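To start, the structure under review is shown below, and the notes come after it.
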Amino acid sequence: MLKYEIKDFPLDQDNLMLAETLFHNANGYLGVRSNFEEGYPKNMDSIRGEYINGFYDFASSPQAEKLCGLVEEKQTMLNVADTQGIEIYIEGERFSMFEGEVLGRTRTLDMEAGTTLREVLWRSPKGKTVRIEIKRMASFALLPFFLIEYKVTPVDFSGEVKICSTHIGKVMNYFNPNDPRVAGESFEHLLVESIEVNNDVSYISSKTSKSDLCVCSAVKNVFSKEGKTEIVKEDGAVKEEYIGFISQGEVLTLYKYTILCDSVRYPNLSNETKENMEQALSTDINEWYEKQKAYLASFWENCAIDIVGKKDLNEAVHYNLYQLIQSVGKDPFSNITAKGLSGEGYEGHYFWDTEMYMQPFFTLTARDIAKNLIRYRYTILEYAKENARILGHKKGAAYPWRTIMGKECSGFFPAGSAQYHISGDVAYSIVSYYLATKDLELLRGCGAQVLIETARLWMDLGNYYRGKFHINEVTGPDEYTCLVNNNYYTNVLAQYNLRWAVKSFHLLKEAGLISDLIEKTQITEEELKEFEEAADKMYLPYDEETGINPQDDSFLQKKVWDLTTIPEDKKPLLLHYHPMYIYRYQVCKQADTVLAHFILEDAQDLETIRKSFAYYEKVTTHDSSLSTCIYSIVASRLGLEDKAYEYFGESAKLDLFNTHKNTKDGIHTANMGGTYMAIVYGFGGLRIKEEGLFLNPHLPKQWEGYQFRILFEDAKINVKRTQAECRITLLEGSKKNIHVYGKEYCLEKELVIY
Ligand code: BGC
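Numbering (the UniProt record's numbering), first residue to last: 1 to 754.
Structure (structure tokens):
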């Protein structure tokens, strides 16, 4: 049973906001925070939100000094409606978790059923006891559909129950002017245009203030027992009241159906909202629950992840993977936001997090989803080209550091737009997808074009100096070191990008599929030669004295910040020190060169990687959640088992234990993908290269065993490692030559090693 449960959940401010995130419901299209339907006392804060992936408004992002090309307008994901409200009155007494007596309370996420449950046993101030059970589901089978099943059972009385269910169109986004990781200002982005009630379904249509997008929310309340009902329209809202009589032990259920449609996907908005509501209502609730289960059964079957011997970690890993499937966009209009659909941190923006931390999971277990992620980048290619021109490049495509619809949203360019590596990351993910699938069609349709345009960017961005190709004035992944020359990660990735632009050209040419690419890019043999030459001559910083790859040209010249001297109340550094102060030190927010040593490990020998790891470990704070998983993977590669295990544990538990103290603003999706990578690439030693599939499964001594399942070319392969053996099973597809523990084997049905 895959369940995450908290009994007697705490009712203080911090824990409630945390639980709003941890128990949110989402399906990649919509997401609803787990707010109490009945609300909170006035003195308590809550981030009440319902979001649609990729639905945004423009918001101004004024720069104090109007330098050329700086971003002055960003996109922000909107809170689209509040359809969560349900108030219950028991013989006139209003149910609240903060009044009367809460005799028992549990919150559960059922990761097989795809539902959350809040169970409360409550005694009113006048002594009436009721059991309340609230089940919620964001349907994977019908993406615009969100359901609340609200059950009330009188335990020790019979009497009147009044239910008041609200549908509010006038909603705002959360903001905090003191935290750079969430929006800093409040603004009414959505303007309610019409409110209608048809066949007891309420429809609220709203329009964004600037982006010209529309959203329509529909709500229908279905009560299990006849009662007196009344629907009233209010200012920007609709309220339905129900009054009924229930006997002791009898269960009264309200099924509250919500449909959220946006004009990004549903051009015929009001009709399509209505049709979706009709579809939701015409299918039996139990059938919806069955469909949800079936979707998740195949999701879990495809990744088949299991850790034996450590229940808490197994639960945390499943929790993290569940969040990935809840967060990932299922259409080319959307991607995966840094916080999924669980909160407003980073304003619903997509970063390199997707390509480097989450796409690997989907490439290995759910290809259609991975393909969509690539297609999304393709749909914004024209914006990436435009962005390159804004940055002064005559050719190529520079993917925006953070975006929703394709335009750059980063207000602080030193740690934003200057992270040119994102273009290399997008290219890298396309190549990884190709190597795992050999899907030439994707390369032909969109992948190769992206590889060519990003390669062009490097050519325009870099220059030759003393016979070597240098890339100056960029920021690598480590945001505590900005605007540097020759960031190792960027250069080695650019080299790979340039090489693969050429390779993809030849692959398509050999397959007779090149005409589209030539037509779309006007690429010539001569330009390809330039790519090759720049790749061959790429300057990769190396320091003889330390034997490491310096993070960039100036990194080793700086003072070292002794991390043991940082007081707890000064962490994370970004909230306590001026950026320039931080930039002057050898201090890293996250894996940078160490990440390069994982993704492009063959660029250096093992000794250099070992020395680099030891060096950077001492100066890395892991203030970014994207860091410990990578340290775990590289520690595994280096045989540093204890470290690998420790870093893995930090990654696995980051949100469940709120270790970064900001999970209230949303989950950290990249880290969740990173937890998976730390198992599969770390402990499992998986690599997919041009030479094929490599595995090197090691077992942490704390575990009895583990397994995972991956797709490789036409095959589905199960990898199981226990203390006794390593068992690799070909579940589907043709036989494969694979490398295990450095030896080549032919995998026909099953390989048992040891
Ligand atoms: C990290 C970035 C990441 C962003 C969104 C930042 O804290 O430094 O690497 O892309 O968060 O997750």
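Beta carbons: idealized from backbone N, C-alpha and C, even for Gly.
Source: prediction; values computed, not measured.
- In the three-state scheme derived from DSSP, where H, G and I count as helix and E and B as strand, residue 96 is classed as coil.
- Boundaries cannot be given for residue 65, as no alpha helix (DSSP H) includes it and DSSP labels it neither H nor E.
- Between residue 588 and residue 480, the C-beta spacing is below 8 Å.
- In this structure, the beta-carbon distance from residue 528 to residue 555 does not fall below 8 Å.
- For residue 351, the distance from the CB to the nearest heavy atom of ligand 1 is below 7 Å.
- Each of 520, 152, 98, 574 was checked against the Cα of residue 622, and the nearest Cα belongs to 574.
- Residue state for residue 506 is assigned as helix, using DSSP reduced to three classes.
- Residue 578 sits in coil when the DSSP states are folded into three classes, being neither helix nor strand.
- The DSSP-derived three-state label of residue 345 is helix.
- Counting of Cβ neighbours within 10 angstroms places residue 124 among the buried residues, the total reaching 16 or more.
- One alpha carbon belongs to residue 305, the other to residue 707, and they sit about 6 Å apart.
- Shown here, residue 71 sits in coil according to DSSP, grouped into three states, outside any helix or strand.
- Residue 335 sits close to residue 329, with the two beta carbons spaced by under 8 Å.
- The shortest CA-to-CA distance from residue 699 to any of 669, 637, 687, 692 is the one to 637.
- Residue side-chain check: residue 400 keeps its Cβ at 7 Å or more from all non-hydrogen atoms of ligand 1.
- Excluding sequence positions up to five before and after residue 609, its CB lies within less than 8 Å of the CB of 597, 601, 634, 637, 638, all in the same chain and listed in chain order.
- Judged by DSSP secondary structure, residue 707 falls within the beta strand (DSSP E) whose first and last residues are 705–712.
- By the Cβ-count criterion, residue 482 is buried, with 16 or more other Cβ atoms from all chains shown falling within 10 Å of its own Cβ.
- Within the same chain, 476, 478, 481, 487, 488, 592, 593 come within 7 Å of residue 551 by CB-CB distance, once the 5 residues on both sides are set aside.
- If one requires a minimum length of 4 residues, the alpha helix (DSSP H) runs lying completely within the region 343–388 are 359–365, 367–379, in chain order.
- The beta carbon of residue 624 sits closer than 7 Å to at least one heavy atom of ligand 1.
- Residue environment: residue 107 is assigned as buried (16 or more neighbouring CB atoms within 10 Å of its CB, all protein chains considered).
- One Cα belongs to residue 572, the other to residue 586, and the distance between them is close to 16 Å.
- Distance from the Cα of residue 604 is smallest, within the candidate group 322, 547, 614, 660, for 547.
- Between residue 151 and residue 251, the C-beta spacing is below 8 Å.
- Here residue 292 has 113, 114, 115, 137, 139, 140, 141 as same chain residues with Cβ atoms under 8 Å from its own Cβ, once five neighbours each way along the sequence are excluded.
- Around the Cβ of residue 693, a 10 Å sphere holds 16 or more other Cβ atoms; the residue is buried.
- Spatial neighbours of residue 186 in its own chain (CB-CB distance under 8 Å, excluding positions within 5 residues in sequence) are listed in chain order as 172, 173, 175.
- Nearest in C-alpha terms to residue 647, of all of 664, 658, 656, 625, is 625.
- Cα atoms of residue 583 and residue 180: separation of roughly 18 Å, rounded to the nearest angstrom.
- For residue 318, no beta strand (DSSP E) encloses it; the enclosing alpha helix (DSSP H) starts and ends at 311–327.
- Just so you know, the alpha carbons of residue 704 and residue 662 end up roughly 33 Å apart.
- In the structure shown, residue 155 adopts coil according to DSSP, grouped into three states.
- DSSP places residue 176 outside both helix and strand once states are collapsed to three, so it counts as coil.
- Scanning its chain for C-beta atoms nearer than 8 Å, with the 5 sequence neighbours on each side dropped, one finds around residue 570 the residues 576, 577, in chain order.
- Per the C-alpha coordinates, the member of 225, 220, 224 positioned closest to residue 231 is 220.
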